[in-house]
Amino acid sequence: NAGVTQTPKFRILKIGQSMTLQCTQDMNHNYMYWYRQDPGMGLKLIYYSVGAGITDKGEVPNGYNVSRSTTEDFPLRLELAAPSQTSVYFCASRRQTALENTIYFGEGSWLTVV
Amino acid sequence: AQTVTQSQPEMSVQEAETVTLSCTYDTSESDYYLFWYKQPPSRQMILVIRQEAYKQQNATENRFSVNFQKAAKSFSLKISDSQLGDAAMYFCAYRGTSYDKVIFGPGTSLSVIP
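Going down the list, the sequences are from chains A and B.
Here our numbering is used: the first residue of the first sequence is 1, the next is one more, and so on.
Here our numbering is used: the first residue of the second sequence is 115, the next is one more, and so on.
Encoded structure:
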């Protein structure tokens, strides 16, 4: 299994540009998450989804949008990029069952806004 | 809202010695899950150990064990016989059973001294 795949791995954006970080998982997981990790800091939840067609805000949703049209894909959209969005972005997924506690992370996407 | 606190931004340990990383959390739920994740320089998030709140027995995984104090809302990680490969950021994380979000602490950077 490929697990959780994120693209691109690295990207430089100019202020005001827009872009989409792609995330796909092949484990048929219902739950998917987007986190950002600033240098030397912990993970902050941006958005999450409990299934296709359902999304909800996390701790730091401003400046981002998500969609979940399929179980596999959970893209993160940055509109009007700002320097404050320079960060490493992690997509993650897990099964819906209460007994399944493992969260599978992607390898991260390094984004720099200049 | 749930919060996770790690009061030690940095820790160091001599190789082969034992180190304990602290984590406290705040929640009004009675049932939940707690995790420790390891993040090496590669930025991959690796699940180290997990604990279900309804279990009184502390979880153990080889050289890693936890001290779970539910009343005190404390969840510390003990690493025995520390190895150079244990050097990484360690994150404590919380997931409630009635919530879908996974909340991470700010992390503790662990250095292992040869």
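C-beta atoms are modelled at their ideal positions from N, C-alpha and C, and glycine is treated no differently.
Under the three-state reduction of DSSP, B/ASP200 is assigned to helix. The beta-carbon distance between B/VAL133 and B/SER196, rounded to whole angstroms, is 6 angstroms. This is short enough to meet the 8 angstroms contact definition. Restricting attention to alpha helix (DSSP H) runs no shorter than 4 residues, the stretch 159–210 of chain B encloses none. Restricting attention to B/LEU224, B/THR222, B/VAL226 and B/LYS215, the CA atom closest to the CA of A/VAL60 is found in B/LYS215. For A/TRP34, the closest of A/PRO75, A/LEU80 and A/ASN62 by C-alpha to C-alpha distance is A/PRO75.
Nearest Cα to A/MET41 within the set B/THR222, B/PRO228 and B/ILE227: B/THR222. Counting only the Cα atoms, B/GLU129 lies some 44 angstroms from A/ARG77. Flagged as an interface residue toward chain A: B/PHE205, by a C-beta distance shorter than 8 angstroms. Between A/LEU45 and A/GLN85 a beta carbon distance of about 15 angstroms is seen, past the 8 angstroms cut, so the two are scored as non-contacting. Taken in chain order, the unbroken stretches of beta strand (DSSP E) that lie wholly in the stretch 30–89 of chain A and span 3 residues or more are 31–37, 43–51, 54–57, 64–66 and 76–78. Put simply, of B/TYR168, B/ALA207, B/MET159 and B/ILE217 the residue whose alpha carbon is nearest the alpha carbon of B/LEU191 is B/ALA207.
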